[in-house]
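Numbering (UniProt numbering), first residue to last: 1 to 592.
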């Protein structure tokens, strides 16, 4: 195996979900945005010589959390996520007694420990706001849709608040997928009104849709080079459906809209202390002691929602894009809890009453789409909503298992021995000359003959824990490691969903920054937080580097230092004071 291949396999967090744009024919409409947490030097587990320590070839922080090869964690730790915006400015989630009990039931791929400060979310939001500003520096009429998933949706909302605070225009359209954002007062901090906060931010995105360029300009071959097609008009388009038949659809201008894609099968943001609208959608009731109608308040500011589910009703899938109207969130004989499990649901998930209806107000699609929710599953139970499909851990999850101090792995026979034995010496001798991934962490002896007090004639088997390579091989093949699909990413795991639904909900207009390869290269580069010395040098040498603002150059440089050294940007660049819009004190400003 070549060294570069070894490096890629050894660093799955960097390479596993990296967008491949090396093909010169690539003409993507996407600028992938990456973010994460990087440990401060004082947060890294070290030995007596101050060198970073490893557990089964994986770095650790002082709380036992695994760190990647760059002492970071892409997207931060799962358990450190929030269901509201203000907590992103707060300390991390502590390991409570409830979590200590819960972690006993976790698979090897998951670890619960104390968590770092959540300020890395704030940095991500500042970087995302920077991206919007730099794209609009190319042309103020650039049309931007942000499609965000999970905690990325909260970063997206915070980024809009930061843009408003700076007097800048928000993204044209936002699509929130499987968001943990919560509207239930009983699950959110008592001093917060998350419904009003969301409504204020949505209103800033939608209240004055930017109508330049007009959609009629997209028919001009001189400026759009035929990309809209000869049969397209601002009111009507046509395309082949999934079986090849030509279908006509009404075109719409989606600028100034916010969409929620929610999945009632999502067991991740269904957790009882999260209860995100990414599972439950937005209801017409607010809480036990509230008379507010969340859907009415949000619908009034151009907020739309679509329901995605793996469930079948009356033998057919629940289509996405039916005419707007009420949909059952839980039909007769469907589970009271997301995911179908009664016992686990009872202790960990918010319930849904049978017959509960929810308003699906997103536009009708032509044709409606049968959601593809089973992508990537090793085994699925299509049509049986009481069962979840099975997923095999990916390479990043395998690395998490290897670096989990509470993980339990198989033991392998080394040899038999009579009498006493020095296990530390045996361990050192077995590991001698082997690569770190081929070394075992610990050995133990197992008595096979003799009773009572130990005697010199007693015989022992010497056993060792599996090596990291053996652990990964086991996880590649064994059915024991298959886990139930949470459907937290279900709608993102099939391109068909994006082809038939998302494509109809994004905003169309112009993207001069993507037509300009110099600007595209630098925008793609600064959208990735994984910027070590080599990548930072490449970025600053790009022709487009000098075309971005000095303020953005400073933030990118500070982000590089954060990723490389663990030094968080100064308060001048990333203030840890929430913007006024989060507190309901935003004053009107002119838009830049």
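Cβ coordinates follow ideal geometry from the N, Cα and C atoms, glycine included.
Per DSSP, residue 359 is not a residue of any alpha helix (DSSP H); the beta strand (DSSP E) it occupies stretches across 357-360. A residue is called buried when at least 16 other Cβ atoms come within 10 angstroms of its Cβ; residue 452 does not meet this threshold and is exposed. Distances from the alpha-carbon of residue 303 to those of 149, 457, 195, 289 put 195 closest. Counting only residues of its own chain and dropping the five nearest sequence neighbours on each side, residue 254 has a CB closer than 7 angstroms to the CB of 173, 505, 506, 507. Under the DSSP assignment, residue 470 falls in the alpha helix (DSSP H) whose first and last residues are 468-477. Counting along the chain, residue 417 sits inside the beta strand (DSSP E) bounded by residues 411-418. DSSP, reduced to helix, strand and coil, places residue 317 within a strand of the structure shown. Between the alpha carbons of residue 479 and residue 79 lies a gap of roughly 26 angstroms. Contact check for residue 328 and residue 357: beta-carbon distance about 6 angstroms, within the 8 angstroms limit, so the pair qualifies.
Just measuring C-alpha positions, the residue of 121, 123, 101, 119 sitting nearest residue 113 is 101. For residue 472, the CB contacts under 6 angstroms within the same chain, skipping 5 residues up- and downstream, are 398 in chain order.
A buried status is given to residue 388, since no fewer than 16 other beta-carbon atoms sit within 10 Å of its beta-carbon. Just measuring C-alpha positions, the residue of 460, 468, 422 sitting nearest residue 436 is 468. Residue 38 has its alpha-carbon roughly 15 angstroms from the corresponding atom of residue 58. Residue 151 is a Cβ neighbour of residue 75, given a cutoff of 8 angstroms. Looking at the DSSP output, residue 73 bridges to 37. In the DSSP assignment, residue 395 falls within the unbroken alpha helix (DSSP H) covering 395-402. Put simply, the region 401-415 does not touch the region 516-527. Fewer than three CB pairs are less than 8 angstroms apart. DSSP places residue 237 in the uninterrupted beta strand (DSSP E) bounded by 236-240. Nearest to residue 575 by alpha-carbon distance, out of 376, 528, 120, is 120. Excluding five sequence positions before and after residue 484, the CB atoms of its chain that fall closer than 6 angstroms to its own CB belong to 388, given in chain order.
The beta carbon of residue 219 lies closer than 8 angstroms to those of 228, 232, 233, 234 in the same chain, with the five residues before and after it left out. For residue 426, the uninterrupted alpha helix (DSSP H) run begins and ends at 423-431, by DSSP.
For residue 373 and residue 490, the gap between their C-alpha atoms comes out near 5 angstroms.
Residue pairing by DSSP puts residue 146 in a beta bridge opposite 174. Per DSSP, the unbroken beta strand (DSSP E) holding residue 325 starts and ends at 325-328.
Pairwise C-beta distances place the region 242-258 in contact with the region 205-220, as three or more of them are shorter than 8 angstroms.
Bridge pairing for residue 258: 174, 303 [DSSP]. Residue 61 and residue 287 have their C-alpha atoms roughly 39 angstroms apart. Contact between the region 64-75 and the region 85-95 is not established, with fewer than three Cβ pairs separated by less than 8 angstroms.
Taking the CA atoms as reference points, residue 246 sits about 15 angstroms from residue 230.
A contact is defined here as three or more CB-CB pairs under 8 angstroms, and the region 528-537 fails this definition with respect to the region 409-421.
Just so you know, the alpha carbons of residue 558 and residue 49 end up roughly 29 angstroms apart. Beta-bridge pairing by DSSP links residue 247 to 239.
DSSP places residue 533 outside any beta strand (DSSP E); the residue lies instead in the alpha helix (DSSP H), whose first and last residues are 533-540. Taking the Cβ atoms as the reference, residue 378 lies roughly 6 angstroms from residue 482, within the contact range of under 8 angstroms.
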